[in-house]
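A.B. asks: To start, I am sharing the structure in question, which I have written as structure tokens.
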Amino acid sequence: MQSVHQRDGRRKRRNRFAFSIFTMTYFTLASVCGAQEAYPAAYFTPFSPQTALDMVKHLPGFSFDPGDAGLRGFSEAGGNVLIDGERPATKSGGLAAALSAIPAGQVARIVIIRGGVSANDVSGQSAIANIIRVRNIQSLSGSLSLSGMAEGHFGSAVVTASRTFAGFNLASTTMFDATGERSHGSRLSFDAAGKPVRQDDLSYRTDYPEWSQRLSLDGDVAQGRMTANFMVAEARLSEAFLFRNDNQTDRFPKHTGRRRGEVSTDWTRGLGHDYSLKLLALANVVDLDSDSLSQSGTTATTLQTTDRFENRSVSREGILRAAVTKGGDSPLRPEGGVELAWNTLDSRSVMTGADPDQIFVSEGRAEVFGALNWQVSRKWLLTAGAAYEVSRIKSEDDRDTSNRFAFLKPHLTASYAPDPDSSLRLSLRRSVGQLSFGDFAASANLAQGTASSGNADLGPDSKTTLSLDYDRRFGTRGAFNLSAFYDWRENGLEASVLPSGDIGVVNVKSARVWSLAANLELPLDVYVAGGLIRLHYVYLDSIIADPITRVRRDITGQRPAEITISFRQDIAAAKLSWGIDYARGFEARLWYADEVRLHEHSTEWSLFVETSRFLRSKLRVEVNGLAGIRNTYYRTLYAPNRSATRNGSEIWDIRTPPMLTVSLSRSF
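Following this note's numbering, the numbering of the sequence shown begins with 4 at its first residue and continues without gaps.
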């Protein structure tokens, strides 16, 4: 592993050099000023947007956060975009799905709020985009895309329609999306002494078609504004690894079906004196069934099943929430509320040669929250608040367990805006993560030869984050962002050995994570008319005590650094745009109970050309992975776990060819 440590040293030197380039470039250009923070619909015309999501992605100095539907409750799962001042009352699909359902013609303007954000639904964000819509507009839009790569063709179709009826705004989005992958490569296997024992040709194939239907309705009800959402979706995933040499063929097919649905409604009403009441109710369900096989034979036509893993799970979530907030121009704006949530998982699985595994996990949670926003002056905003939650997690399997938890989650933010083009924000916040109930149930990956038992004694992880954010805008499209954070984490989740001797996930007492990120958006109109270059850099590091060996290491799956460079030119007179993107390759280590895996991902290039000259439609041609994409996995294997000696290793080298996509979209 000496070569890996040498690569780490070179990587750190490259990261320091890259960040110095970002810093010098910014201070060379920061003297230019005159940014705008309210972007009318006309600003986005050169980009020919079809949806509100297209518009958000072109906001200067704004990084879109779609939120995470897997996080606990409602407020913790939010992203950084509001619609008419409110967060969409939905979790499935996140903000991306909600914004994709809004045609660009319905957007009047987008306002960015930087520095201090008071609304509890989006608290913790350094910048918020608020989409202001034009009411009572009927629209119809659609898009069609076709993609192709070696040995495979895919596509998608989306139709969005909206109209007004009896004072209500109705919207419908129907989507069919068929994605997939065709990859080839090799697998090399070595014994404990490093001697080659097997060499295979590798192929990987996956197909993932999904259909979904979304409906939304909003209008005035009972002296307030009501929004209701409904969503159903169904998907089928088929994937298979195939390993083949002159003497043996192994195939690992897996078929997964997913059905999900969600219904939600919220209602907001003014109470007088700039106070408003918001009530929300949400329920969703996800039904999964999967069937994994291990097949072996001398040839592809003589394969016989040797192992099988079947799993069926149903997860449900219900949320009730009430909040009272004060808006207006008052220097003191309090807010507070309560949230109740209920989550369950019913999982059944069986594997060849093992007893069936069945578990039912449920969590009931209640949270009370409050905050005070103080506009000290035109330049200073202070926000202080806290939330207190109590929860109970019950697990019903061969041994019933019940654990109770209580967390105090304070937060304090100071925001300073020395001028209209700059903002500085310092924040201290404690948050609690959402347990994945899948860690309570057994799982297996037959292609990798791994299996995990469920752990019913898991507790939620928590972290205290100190963060600093600086934003600077210049010109009409120029922006620079610098952010840093330091995390004190408790009860993080890592793979380890359970008290029973089985392999599973456990809580690790403490860990530290720190990061530095910089983003620069630089207009190049002086040199290239309509040109814009975007530079993005992230450095991330961490330390944790390995739960098996007690040796200090990085948190599993962490990418130490990320660098992307994008160039785009909009030629307004020709209604033509083109661009090229670069993403530097990365390395990430994954620590399992019986394996250490190093993942190397190659550099990626992509190119696009789009035009709106024909039939009032937007035509886009894009090639992703211009030189192909290469993923190499170095697996070091141990038996029975990493506390013992190494018993072998593998190298999986997987290459994916370029993907060509042609898409056509139009609003009517």
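For glycine and all other residues, C-beta sits at the position ideal for the given N, C-alpha and C.
DSSP state of residue 440, grouped into three classes?
C.D. replies: By 1-based counting over the sequence shown, the position of residue 440 is 437. Looking at residue 440 - three-state DSSP - the assignment turns out to be helix.
A.B. asks: Let me check understanding here. Comparing Cα to Cα, which of 84, 525, 447, 439 lies closest to residue 64?
C.D. replies: What you label residue 64 is simply residue 61 of the sequence shown in a count that begins at 1. Out of 84, 525, 447, 439, 525 has the C-alpha closest to the C-alpha of residue 64.
A.B. asks: Check for me: the beta strand (DSSP E) holding residue 57 runs from which residue to which?
C.D. replies: Taking the sequence shown and counting its residues from 1, one reaches residue 57 at position 54. It is not in any beta strand (DSSP E) - residue 57 instead sits in the alpha helix (DSSP H) that spans 55-59.
A.B. asks: Count the other CB atoms, across all protein chains shown, that sit within 10 Å of the CB of residue 312; report buried if there are 16 or more and exposed otherwise.
C.D. replies: Sequence index remark: in the sequence shown, residue 312 carries index 309 (1-based). By the 10 Å Cβ count, residue 312 comes out buried.
A.B. asks: Would you mind reading off the limits of the beta strand (DSSP E) that contains residue 108?
C.D. replies: As a first step, residue 108 is located in the sequence shown; it is residue number 105 there, counting from the start. Careful: residue 108 lies outside any beta strand (DSSP E) and carries neither H nor E.
A.B. asks: Put residue 70 into one of helix, strand or coil per three-state DSSP.
C.D. replies: As a working note, residue 70 is residue 67 in the sequence shown. Three-state DSSP puts residue 70 in coil, outside helix and strand.
A.B. asks: Could you give the distance in angstroms between the alpha-carbon of residue 334 and the alpha-carbon of residue 277?
C.D. replies: Within the sequence shown, the letter at position 331 stands for residue 334. Within the sequence shown, the letter at position 274 stands for residue 277. Going from the Cα of residue 334 to the Cα of residue 277 covers about 12 Å.
A.B. asks: Whole-angstrom Cβ separation of residue 600 and residue 638, contact assumed at under 8 Å?
C.D. replies: To locate residue 600, count along the sequence shown from 1; it is residue 597. To locate residue 638, count along the sequence shown from 1; it is residue 635. Going by Cβ atoms, the distance from residue 600 to residue 638 rounds to 5 Å, so yes, they are a contact pair.
A.B. asks: With a 10 Å radius around its C-beta and 16 neighbouring C-beta atoms as the bar for buried, classify residue 395 as buried or exposed.
C.D. replies: The residue you call residue 395 lines up with position 392 of the sequence shown. Looking at its Cβ environment, which holds fewer than 16 other Cβ atoms inside 10 Å, residue 395 is exposed.
A.B. asks: Let's see if you can read the secondary structure: which residues bound the beta strand (DSSP E) around residue 538?
C.D. replies: Sequence index remark: in the sequence shown, residue 538 carries index 535 (1-based). Run containing residue 538: 534-548, per the beta strand (DSSP E) assignment.
A.B. asks: Using 10 angstroms around the beta-carbon of residue 368, count the other beta-carbons present and answer buried if the total reaches 16, otherwise exposed.
C.D. replies: If you number the sequence shown from 1, residue 368 lands on position 365. Classification for residue 368: buried.
A.B. asks: Using C-beta distances below 7 Å, list every residue in its chain close to residue 99, excluding the 5 sequence neighbours before and after it, in chain order.
C.D. replies: The residue given as residue 99 occupies position 96 in the sequence shown. Cβ within range, chain order: 56, 69.
A.B. asks: Count the other CB atoms within 10 Å of the CB of residue 529; is the residue buried (16 or more) or exposed (fewer)?
C.D. replies: Start at 1 with the first residue of the sequence shown, and residue 529 comes out as number 526. Exposed: under 16 other Cβ atoms inside 10 Å.
A.B. asks: Label residue 301 either buried or exposed according to how many other C-beta atoms from any shown protein chain fall within 10 Å of its C-beta, with 16 as the threshold for buried.
C.D. replies: Against the sequence shown, residue 301 aligns to sequence position 298. Exposed.
A.B. asks: Quick one: what does DSSP say residue 530 is sitting in, helix, strand or coil?
C.D. replies: If you number the sequence shown from 1, residue 530 lands on position 527. Coil, per DSSP.
A.B. asks: Tell me the DSSP secondary structure of residue 65 in three-state form.
C.D. replies: Your numbering for residue 65 matches position 62 in the sequence shown. Three-state DSSP puts residue 65 in coil, outside helix and strand.
A.B. asks: Using a 10 Å radius around the Cβ and a threshold of 16 neighbouring Cβ atoms, would you call residue 664 buried or exposed?
C.D. replies: Here the question's residue 664 lines up with position 661 in the sequence shown. Label assigned to residue 664: buried.
A.B. asks: Check the DSSP bridge columns for residue 376 and list the partner residues they point to.
C.D. replies: Position 373 of the sequence shown, counted from the first residue, corresponds to residue 376. BP columns for residue 376 point to 336, 386.
A.B. asks: Using the C-alpha atoms, what's the distance from residue 658 back to residue 630?
C.D. replies: Locating residue 630 in the sequence shown gives position 627, counting from the first residue. Locating residue 658 in the sequence shown gives position 655, counting from the first residue. Near 10 Å, if we compare the C-alpha coordinates of residue 658 and residue 630.
A.B. asks: Which class does residue 45 belong to by DSSP, given the choice of helix, strand or coil?
C.D. replies: Residue mapping note: residue 45 aligns to position 42 of the sequence shown, counting from 1. Helix.
A.B. asks: Our contact map puts residue 470 next to residue 455 with C-beta atoms below 8 Å; I'd like the distance itself, whole angstroms only.
C.D. replies: Here residue 470 refers to the residue found at position 467 when the sequence shown is read from its first residue. Here residue 455 refers to the residue found at position 452 when the sequence shown is read from its first residue. Not quite, the Cβ-Cβ distance comes to about 33 Å (not below 8 Å), so this is no contact.
A.B. asks: Select from 196, 95, 194 the residue whose C-alpha is nearest the C-alpha of residue 2.
C.D. replies: Because the chain is modelled from 4 through 671, residue 2 falls outside the range shown and cannot be assessed.
A.B. asks: How is the beta strand (DSSP E) around residue 94 delimited, first residue to last?
C.D. replies: Position 91 of the sequence shown, counted from the start, is the residue given in the question as residue 94. From DSSP, residue 94 is part of no beta strand (DSSP E); its letter is neither H nor E.
A.B. asks: Have a look at 576, 582, 539, 559 and flag the residue whose alpha-carbon is nearest the alpha-carbon of residue 565.
C.D. replies: Indexing the sequence shown from 1 puts residue 565 at position 562. Answer by Cα proximity: 539.
A.B. asks: Is the beta carbon of residue 497 less than 8 Å from the beta carbon of residue 516?
C.D. replies: In the sequence shown, counting from the first residue as 1, residue 497 sits at position 494. In the sequence shown, counting from the first residue as 1, residue 516 sits at position 513. No, Cβ-Cβ distance for residue 497 and residue 516 is not below 8 Å.
A.B. asks: Can you tell me whether residue 659 is helix, strand or coil according to DSSP?
C.D. replies: Residue 659 sits at position 656 when you count from the first residue of the sequence shown. Residue state, collapsed to three classes: strand.
A.B. asks: Starting from residue 466, trace the beta strand (DSSP E) both ways and give me its first and last residue.
C.D. replies: The sequence position of residue 466 within the sequence shown is 463, counting from 1. Element bounds for residue 466: 465-477.
A.B. asks: Examine the Cβ distances between the stretch 335-348 and the stretch 420-435 and report whether three or more of them are shorter than 8 Å.
C.D. replies: The stretch 335-348 vs the stretch 420-435: no contact.
A.B. asks: Under a three-way DSSP split, which group does residue 102 fall into?
C.D. replies: Position 99 of the sequence shown, counted from the first residue, corresponds to residue 102. Helix, per DSSP.
A.B. asks: According to the Cβ coordinates, are residue 310 and residue 449 closer than 8 Å?
C.D. replies: Stepping through the sequence shown from its first residue, residue 310 is reached at position 307. Stepping through the sequence shown from its first residue, residue 449 is reached at position 446. Yes, these two residues count as a Cβ contact at 8 Å.
A.B. asks: For residue 221, count neighbouring Cβ atoms within 10 angstroms of its own Cβ and tell me buried if that reaches 16, exposed if not.
C.D. replies: Here residue 221 refers to the residue found at position 218 when the sequence shown is read from its first residue. The residue is buried, with at least 16 neighbouring Cβ atoms inside 10 Å.
A.B. asks: Would you say residue 135 and residue 114 are within 8 Å of each other, going by their C-beta atoms?
C.D. replies: Position 132 of the sequence shown, counted from the first residue, corresponds to residue 135. Position 111 of the sequence shown, counted from the first residue, corresponds to residue 114. Going by C-beta atoms, residue 135 is nearer than 8 Å to residue 114.
A.B. asks: Taking C-alpha atoms, which residue in 90, 595, 586 lies nearest to residue 607?
C.D. replies: Locating residue 607 in the sequence shown gives position 604, where the first residue counts as 1. The shortest C-alpha separation from residue 607 is found at 586.
A.B. asks: Grab me the residues of residue 41's own chain with a C-beta within less than 7 Å of its C-beta, minus the 5 sequence neighbours each way, in chain order.
C.D. replies: For the purposes of this step, residue 41 is taken as the residue at position 38 of the sequence shown. Counting only Cβ-Cβ distances below 7 Å, and skipping sequence neighbours, we find 112, 114.
A.B. asks: Helix, strand or coil, according to DSSP, for residue 177 in the structure here?
C.D. replies: For the purposes of this step, residue 177 is taken as the residue at position 174 of the sequence shown. The answer is strand: DSSP assigns residue 177 an E or B state.
A.B. asks: Determine the closest residue to residue 440 out of 146, 269, 46, 364, with distance taken between C-alpha atoms.
C.D. replies: Here the question's residue 440 lines up with position 437 in the sequence shown. Nearest option by C-alpha distance: 364.
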